[in-house]
Structures are given as C-alpha cells and as structure tokens.
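Below is one structure; the comments refer to it alone.
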Amino acid sequence: MRHPIFILLVSAFWLAGCSGDKTRVEGKERAVTPQQIRETEEGMVFVKGEKEPFTGRVVSYHPNGRLELELNIVAGQKHGTFEQWHADGQKDEKATWVNGLREGMARGWYASGKKRFEYPFRADKFHGTVKRW
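What the sequence shown shows, in my numbering, is residues 238 to 370, in sequence order.
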C-alpha cells in the first residue's frame, strides 16, 4: 500500500517540476525597438510613456528581416555590447558600454568588410589613437 502512494507523490512532484518555470517567464527579457524609447540628456533610457528606467534589449531589423542593431540596457543605462549590421548581414559597428559610458575599442566596418574606424574609449571619452580608413 505504501508503494502506490510513494509513486503517486513522486509522480506529482515530477509533473509539477515539468510544468514550466513561471519565474523565468515572468522575468523574461524585454525587447523594444529604437522608436519605442526615449533617451534623456543625461543618457537615461526609458520606454516612451513609462516612468521607470528601461531594462532589456533595443533591437531593430532591416526591411529584409536581418538584424540591424542590438543594444543592452540595464536600469536605464546602456550596458554591454552594442552591435550593428549592414543589410547583407556584414557587421557595421561594435562597441562596449559600461554603466552608460563607452569603454574599450569601438570598431566600424564598411559594407565590403574593410575597416572603417577604431575609436578607443575610456569613460566615454577618446583615449588613445583614433583610426579611420
């Protein structure tokens, strides 16, 4: 008699575990388009019509459906990798943001794939040799 109850309890816990992680769904990363956001003079990013600083990704697509740009925002500040692509999928620009400031080497490429620029940043200011081709 104990075995069927034990099997029933184990099955119930197993099924509950397989029913999906509701916290993951609720905490799902939000993505918006550049047209849906506004940026203050101080560089804080908000979704238009909302009072809380935005957290999530800003994404845009070319008319052909290919990804055009992607930027991460955390608590209203640009944070992480910014990438932009030409319509054919060739990388256009790449930069890193840390707490709203550009940091490290920002790079750009022509549609042909040849280098267009290299801009070194430290705390959102040029730091080092700026190169353009």
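For each residue, glycine too, the CB sits at the ideal point set by N, CA and C.
Taking only three categories from DSSP, how would you classify Q321?
As a first step, residue 321 must be located in the sequence shown, where it is residue number 84. Q321 falls in the strand class under three-state DSSP.
Just how far apart, CA to CA, sit R359 and Q273?
In the sequence shown, the residue the question calls residue 359 occupies position 122. In the sequence shown, the residue the question calls residue 273 occupies position 36. Between R359 and Q273, the C-alpha separation is close to 29 angstroms.
Could you pull the start and end residues of the beta strand (DSSP E) that M342 belongs to?
Numbered from 1 along the sequence shown, position 105 holds the residue referred to as residue 342. M342: member of the beta strand (DSSP E) spanning G341 to W346, first to last residue.
Three or more C-beta pairs closer than 8 angstroms, one from the region 289-300 and one from the region 327-342: is that the case here?
no
Measuring alpha carbon to alpha carbon, tell me which residue in K285, E266 and G286 is nearest R294.
The residue given as residue 294 occupies position 57 in the sequence shown. When each option's Cα is compared against that of R294, the closest is E266.
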